[in-house]
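> Sharing a structure below in C-alpha cells format, with a few things to ask.
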Amino acid sequence: MTEVLPKDTIRCDACPVLCYIKLGQTGACDRYGNFNGQLVRVDPHLLLDRAKSQGTPLVPFLESEGQWDGSFLKTKETFVTAIGAGTTYPDYKPAPFIVSSEVEGVDMVTVVTEGIFSYCGVKLKIDTDRHLGPERNLVRAQGEPVGHVTTAEYGSQMLSLGGVHHLTGGTKSEGRATCETLLDLCNGKEVALTIDDGARISVAAGKPPVVNGQQEERMRVGCGSAAIGMFAKQWFGKVDEVVVVDDHITGVLSEHQAGKMLGVRETGIAIQGRRSTPGRYFQVAQPGTGWGGTNISDPLAILKPFKTKIAWPHLRLLMVSTTGEHFAYYELDESLHPIAKELPQQLQESVARIRENCEPALTTVLFMAGAGGSLRAGATENPVKLTDSVKRSLTRVTSGGAPAYVWPGGGITFMVDVSRMPEDAFGYVPTPALVAPIEFTLKKTDYAALGGHMDYVRPLDDVMREKQRQRQLTSLPENPWPLKPPTESPHNK
Amino acid sequence: MRDPATIRLLPDSRRLHLSDGPIDLIINADAANFAEIHRANEAAAQRFVTILDELCAELPLLRTRVTQDSLTPCGPIARVMACAVAPYRNRCFITPMAAVAGAVAEAVLAAMTRAAQLNRAYVNNGGDIALYLAAGQRYTIGMVERPDHLSLFGSLEISASTPVRGVATSGWRGRSFSLGIADAVTVLAQTAAQADAAATIISNAVDLPHHPTISRIPARDIAPDSDLLDLPVTRAVGPLSPQEITQALDVGESVATDLCERGLIYTAALCLQGQLRILSGLHRRRLLRPCAAGDQPQHIFSPRSLQHG
Numbered sequence: 256m257t258e259v260l261p262k263d264t265i266r267c268d269a270c271p272v273l274c275y276i277k278l279g280q281t282g283a284c285d286r287y288g289n290f291n292g293q294l295v296r297v298d299p300h301l302l303l304d305r306a307k308s309q310g311t312p313l314v315p316f317l318e319s320e321g322q323w324d325g326s327f328l329k330t331k332e333t334f335v336t337a338i339g340a341g342t343t344y345p346d347y348k349p350a351p352f353i354v355s356s357e358v359e360g361v362d363m364v365t366v367v368t369e370g371i372f373s374y375c376g377v378k379l380k381i382d383t384d385r386h387l388g389p390e391r392n393l394v395r396a397q398g399e400p401v402g403h404v405t406t407a408e409y410g411s412q413m414l415s416l417g418g419v420h421h422l423t424g425g426t427k428s429e430g431r432a433t434c435e436t437l438l439d440l441c442n443g444k445e446v447a448l449t450i451d452d453g454a455r456i457s458v459a460a461g462k463p464p465v466v467n468g469q470q471e472e473r474m475r476v477g478c479g480s481a482a483i484g485m486f487a488k489q490w491f492g493k494v495d496e497v498v499v500v501d502d503h504i505t506g507v508l509s510e511h512q513a514g515k516m517l518g519v520r521e522t523g524i525a526i527q528g529r530r531s532t533p534g535r536y537f538q539v540a541q542p543g544t545g546w547g548g549t550n551i552s553d554p555l556a557i558l559k560p561f562k563t564k565i566a567w568p569h570l571r572l573l574m575v576s577t578t579g580e581h582f583a584y585y586e587l588d589e590s591l592h593p594i595a596k597e598l599p600q601q602l603q604e605s606v607a608r609i610r611e612n613c614e615p616a617l618t619t620v621l622f623m624a625g626a627g628g629s630l631r632a633g634a635t636e637n638p639v640k641l642t643d644s645v646k647r648s649l650t651r652v653t654s655g656g657a658p659a660y661v662w663p664g665g666g667i668t669f670m671v672d673v674s675r676m677p678e679d680a681f682g683y684v685p686t687p688a689l690v691a692p693i694e695f696t697l698k699k700t701d702y703a704a705l706g707g708h709m710d711y712v713r714p715l716d717d718v719m720r721e722k723q724r725q726r727q728l729t730s731l732p733e734n735p736w737p738l739k740p741p742t743e744s745p746h747n748k
Numbered sequence: 328m329r330d331p332a333t334i335r336l337l338p339d340s341r342r343l344h345l346s347d348g349p350i351d352l353i354i355n356a357d358a359a360n361f362a363e364i365h366r367a368n369e370a371a372a373q374r375f376v377t378i379l380d381e382l383c384a385e386l387p388l389l390r391t392r393v394t395q396d397s398l399t400p401c402g403p404i405a406r407v408m409a410c411a412v413a414p415y416r417n418r419c420f421i422t423p424m425a426a427v428a429g430a431v432a433e434a435v436l437a438a439m440t441r442a443a444q445l446n447r448a449y450v451n452n453g454g455d456i457a458l459y460l461a462a463g464q465r466y467t468i469g470m471v472e473r474p475d476h477l478s479l480f481g482s483l484e485i486s487a488s489t490p491v492r493g494v495a496t497s498g499w500r501g502r503s504f505s506l507g508i509a510d511a512v513t514v515l516a517q518t519a520a521q522a523d524a525a526a527t528i529i530s531n532a533v534d535l536p537h538h539p540t541i542s543r544i545p546a547r548d549i550a551p552d553s554d555l556l557d558l559p560v561t562r563a564v565g566p567l568s569p570q571e572i573t574q575a576l577d578v579g580e581s582v583a584t585d586l587c588e589r590g591l592i593y594t595a596a597l598c599l600q601g602q603l604r605i606l607s608g609l610h611r612r613r614l615l616r617p618c619a620a621g622d623q624p625q626h627i628f629s630p631r632s633l634q635h636g
C-alpha cells in the first residue's frame with residue numbers, strides 16, 4: 256500500500272466502507288478494531304458464569320437481562336474468558352485483562368488474552384472406516400492445499416489441517432483458504448474438503464461427517480474378526496456361516512477360533528484376500544466407501560466358489576459389514592451358488608445388535624497452537640517462568656474457559672476441543688493468523704513469584720463494571736470450573 | 328479481505344438477520360402462509376446484498392454537509408437520504424448519513440412488500456425501523472431508556488390507521504455520534520428515513536452547552552473519516568441536577584414541536600437521566616404509554632449490539 260496513514264491509524268478492509276480506525280477504536284461496524292496497530296475482530300468480551308448444576312443450558316446472558324436483579328455479583332462465580340478480550344500483539348505489554356478473584360478462600364489471578372497464532376492448526380478425527388485418501392495426501396479447501404491425511408486411528412480417519420506453512424508459507428490464496436477453513440472449523444461451521452486421490456467430505460465439529468455425499472452414521476464396533484468373536488454365540492445355530500466384511504480384517508465364523516470353540520461345522524467357504532490366521536483375512540478388497548470401508552458394493556465379490564466336497568445345498572450364509580449398515584443373507588442352491596434371500600427374523604436381531612454397538616460417528620476438532628514469547632510476556636516479565644509454572648501444574652491453561660491439554664516439553668503448546676468452547680470463540684487477522692482465547696489461572700502469590708504484572712491486576716468486580724462490551728454465558732457443565740485453585744497434581748486428566 | 332454479507336435466520340426461526348459491514352438488519356414478516364414469508368425474506372436478502380456497495384460508491388458525497396448547492400446523489404437509497412435531511416440543511420450542519428439507517432430499512436422493506444402479500448412486517452436497522460401494516464394491523468413496540476440497556480420504559484402502539492411507518496432512536500450512547508446529551512430520543516414519522524434524520528436533530532438539540540461535566544471530543548479524533556469532521560461529539564455526561572435536565576429537555580422539546588408543526592414528524596419521546604418527555608397533544612400521547620408492570624410488548628426493538636443472542 257502506498258497510502259500514508261496518520262500515526263496509530265489503520266485502514267480496515269473488511270468491507271467497502273474502508274474505515275480509518277485509530278488506535279484502540281473500532282470501525283463503523285463495531286466489529287473490527289485497531290489493537291496496537293493490528294486489525295482485530297472485536298466481538299463482545301465473554302464472561303462465563305459457573306453452571307449451578309449439571310445440565311444447565313448455555314444461555315446468552317442478554318436474553319434474560321430484562322429480568323436480571325443485579326444480584327449475581329455476590330452469588331455467582333464468574334470467570335473472565337479471553338474471547339473478545341483483545342491481544343498483547345505485537346508489542347510486549349501486559350495482557351488486556353489480569354483479573355483477581357477470591358475462590359474457596361484463595362486469591363486467584365487469571366491472565367486473559369487473545370493470542371494471535373500463526374503456528375496453529377486443527378486435528379480432525381473423522382469417525383469412519385471409509386477410505387478418505389492415502390496417508391500424506393493433500394487436503395484441499397476451495398482447491399487450495401490446507402493440510403494432509405495423517406495416521407488413521409481406531410475406527411477413525413485423521414486429518415491435520417493448517418499450520419504455519421499453509422498459513423503463511425504458501426501463496427496468498429493458500430493462506431486465506433487455510434485461515435478460513437481453520438476459522439470455520441473452530442467456530443463449529445461446516446467445511447467442504449477434498450482429498451487428493453480420495454474423497455470429498457463435509458465436516459463440522461460435533462456433527463456426523465459426510466463422505467462423498469453420504470452421511471456417516473456409526474463407528475464400527477471392532478474389526479471383522481473382533482465382531483465374529485463378540486457375536487459368535489448369538490449366531491450359533493441360527494445360521495451356518497457368517498462373513499463380517501471389513502477393510503482391515505474380514506472375519507469368517509466357521510474358521511475363526513470363536514466358531515471352532517462353539518463347534519461350528521466347516522462350510523467350504525473360500526475368501527479372496529490374504530489369510531492371516533484362521534478365519535481372519537487381510538485385503539479382501541480395495542479401500543473405499545462401500546461395505547465395511549472397502550470398495551465393494553456386492554459382497555459376493557469377495558467369495559470364491561464354495562468347495563464342493565464340503566459345502567451343502569441350502570447352507571445359510573450371512574454377510575454383514577462391521578457397522579451393521581450393510582448386510583445380505585444367502586442360501587446355497589443345489590449347485591452350491593449363493594442365492595440372495597430375505598434376512599430371517601432371527602438374524603435381524605444380531606445385525607441390529609452390531610449396529611447398536613457402533614457409536615455415533617462424529618467429526619471432532621481439536622485446535623492446537625503454541626503460545627509464543629510475546630503472548631507469554633503479556634503474562635509475566637520472564638516468559639519462561641510461565642512455561643515452568645504451567646508444567647508444574649501451578650498454572651491452569653484454558654481456552655474460552657474450556658480445559659486445554661498442554662503438550663509436554665518446551666513452550667506452551669496446547670490442544671483444546673472446540674466443542675467445549677463458547678460459540679464463535681475464534682477470530683482472525685488478515686496476516687493471516689487465527690485469534691484464539693487463552694487464559695492462565697494461578698494463585699496470586701504464585702503470580703507475584705513468577706514476575707507477574709502485579710500493577711495491572713484488577714479485581715473481578717472492576718472488570719465486570721465495563722458492561723458495554725460484555726456478554727455473559729453459563730459455563731458448560733462438562734468443563735471443570737477454570738477458577739478452582741490448583742493442587743500439585745498433573746493438570747491433564 | 329472482505330467479509331461476505333451474512334444472511335441467517337435467528338435461533339427463533341422467525342426473524343431474519345442480515346449483516347454486511349456496518350449494516351445490520353433484523354427483519355420479521357407476518358403473512359397468511361409460510362410461502363409468502365419466504366418470498367418476502369428472499370426479496371429482502373436479494374435487495375440487501377448490493378446495498379453496501381451502492382452506498383459506498385458515493386460515500387464521499389454522502390458524508391458531505393448538505394446545502395442548497397449540493398449535488399443530488401445517484402443511488403435510490405442515497406436520494407431518499409438526501410431528501411430526508413434536506414429540510415434541515417439551512418438551519419444546521421447535516422449530511423445525508425444522518426438518515427442512512429432509516430433509508431436502508433425502507434429500501435429493504437419496500438423490496439419485501441413488492442414481492443409478497445404481507446399482513447405486517449418490520450425492518451429494524453439498529454433501532455431505526457421501517458414498518459409495513461396492512462389494513463387493521465398493528466405493532467406494539469417497546470422503548471428503551473438507554474440504547475445500551477435493555478430496560479423498557481414504555482411501549483407504543485402503531486396501528487395501520489396512523490400515518491406512522493418509521494420509528495428511529497438516537498442518543499449519545501448509541502452507535503452513532505451525537506452532538507447532544509439525550510440518552511435516547513425516539514421519533515415516530517411517516518418514513519424511517521424521516522424519523523432517522525429527525526431523531527438525530529432532536530437528540531443534538533437536547534444539550535447544555537459549556538456544561539463542565541459533559542465531555543466532548545472532535546469526531547475525527549475518534550473516527551478519522553467521520554462525516555461530522557471536527558464537531559465536538561459527546562463522550563460522557565456527568566450527573567445533572569433536575570433543573571438542568573429540564574432545561575436541556577425544554578430545548579429538545581421545542582425543536583421537536585417545531586418539526587411536528589412542519590409535518591416532518593408525528594411525535595417524539597425524549598429521555599435524559601431518568602426524565603421522560605413526550606410531545607404534548609392528547610391524540611399523540613395515546614400512542615405512547617409508560618410500561619406497566621408485567622407488560623409484555625410483542626416486539627422489542629433495541630440497538631444492534633443487543634440483538635445478537
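As you go down the protein sequences, you meet chains A and B in turn. For the first sequence, the working numbering gives the first residue as 256, with consecutive numbering after it. For the second sequence, the working numbering gives the first residue as 328, with consecutive numbering after it. Where a beta carbon is used, it is the ideal one built from N, C-alpha and C, also for glycine.
1. Indicate whether A/Pro685 and B/Leu379 have their beta-carbon atoms separated by less than 8 Å.
2. Can you confirm whether B/Pro551, when its beta carbon is compared against all beta carbons of chain A, has any partner nearer than 8 Å?
3. What does B/Asn355 pair with, by DSSP beta-bridge criteria?
4. How many Å lie between A/Val466 and A/Pro533 at the Cα?
5. For B/Arg342, which residues from the same chain have a beta carbon less than 8 Å from its beta carbon, with the 5 sequence-adjacent residues on both sides left out?
6. Output needed in chain order: residues of the segment 348-372 of chain B with a Cβ under 9 Å from some Cβ in chain A.
7. Tell me the start and end of each unbroken alpha helix (DSSP H) in the segment 567-595 of chain B that is at least 4 residues and wholly inside, in chain order.
8. Just to make sure I have the definition right: I need the residues of chain B whose C-beta is within less than 8 Å of the C-beta of A/Tyr275. Which are they?
9. Any C-beta of chain B sitting closer than 8 Å to the C-beta of A/Thr365?
10. Cα-Cα, which of B/Glu580, B/Ile529, B/Ala520 is closest to B/Gly297?
11. Could you please give me the residues that DSSP links to B/Thr333 through a beta bridge?
12. Please go through the segment 552-632 of chain A and give each complete alpha helix (DSSP H) segment of 4 or more residues, from N-terminal end onward.
13. At what residues does the beta strand (DSSP E) containing A/Gly417 begin and finish?
14. Note down the Cα distance separating B/Val427 from A/Thr333, rounded to an integer number of angstroms.
15. Check B/Thr527 in the structure and name its three-state DSSP category.
16. Do you know offhand how far B/Ala434's Cα is from B/Pro423's?
17. Mark B/Ala451 as exposed unless 16 or more other C-beta atoms lie within 10 angstroms of its C-beta, in which case mark it buried.
18. Residues of chain B with a CB under 8 Å from the CB of A/Val272: which are they?
19. Which word fits B/Gln373, buried or exposed, when buried means at least 16 other C-beta atoms lie within 10 angstroms of its C-beta?
20. Roughly how many angstroms separate the alpha carbons of B/Ile508 and A/Thr281, rounded to a whole number?
21. A/Lys646 to A/Val639, Cα distance in whole Å?
22. Would you call the CB atoms of A/Val476 and A/Ile609 closer than 8 Å?
23. From B/Gly348 to B/Arg416, what does the alpha carbon distance come to, in whole angstroms?
24. Use the C-beta contact count for A/Trp546: other C-beta atoms within 10 angstroms, 16 or more gives buried, fewer gives exposed.
25. Could one say the Cβ of A/Asp268 lies closer than 8 Å to chain B's Cβ atoms, at least one of them?
26. Is the segment 574-589 of chain A in contact with the segment 609-623 of chain A, if contact means three or more CB pairs nearer than 8 Å?
27. Anyone know if the C-beta pair for B/Gly453 and B/Asp351 falls short of 8 Å?
28. Pull up the distance between the alpha-carbon of B/Trp499 and that of B/Val393, whole angstroms please.
29. Straight-line CA distance for B/Cys598 to A/Pro737?
30. For A/Glu399, is the classification buried or exposed, using 16 other Cβ atoms within 10 angstroms of its Cβ as the cut-off for buried?
31. Here's a check: name, in chain order, each residue in its chain whose Cβ is nearer than 6 Å to the Cβ of A/Leu387, leaving out the five neighbours to either side.
32. Pick out whichever of B/Val578, B/Thr513, B/Thr518 has its Cα sitting closest to the Cα of B/Ala432.
33. Starting from A/Val500, trace the beta strand (DSSP E) both ways and give me its first and last residue.
34. Would you check if the segment 522-539 of chain A and the segment 487-506 of chain A touch, i.e. whether three or more CB-CB distances between them fall below 8 Å?
Short version:
1. no
2. Using a CB distance cut-off of 8 Å, B/Pro551 counts as an interface residue toward chain A.
3. B/Tyr449
4. Approximately 33 Å between the Cα atoms of the pair.
5. Leu336, Ile353, Ile354, Asn355
6. Gly348, Pro349, Ile350, Asp351
7. 569-588
8. Ala550, Pro551, Asp552
9. no
10. Residue 297 of chain B lies beyond the stretch modelled for chain B, which goes from 328 to 636, so this question has no answer here.
11. B/Thr333 is bridged to B/Ser346.
12. 600-611, 628-632
13. 411-417
14. 39 Å
15. Helix.
16. 15 Å
17. The question names Ala, but residue 451 of chain B is Asn in the sequence shown. Label assigned to B/Asn451: buried.
18. Gly348, Pro349, Leu379, Cys383, Leu386
19. exposed
20. 22 Å
21. 11 Å
22. yes
23. Taking the straight line from one Cα to the other gives about 28 Å.
24. buried
25. yes
26. yes
27. yes
28. 22 Å
29. 42 Å
30. buried
31. Gln412, Ile450, Gly453, Ala454
32. B/Thr518
33. 496-500
34. Contact between the segment 487-506 of chain A and the segment 522-539 of chain A is present, because at least three Cβ pairs lie under 8 Å.
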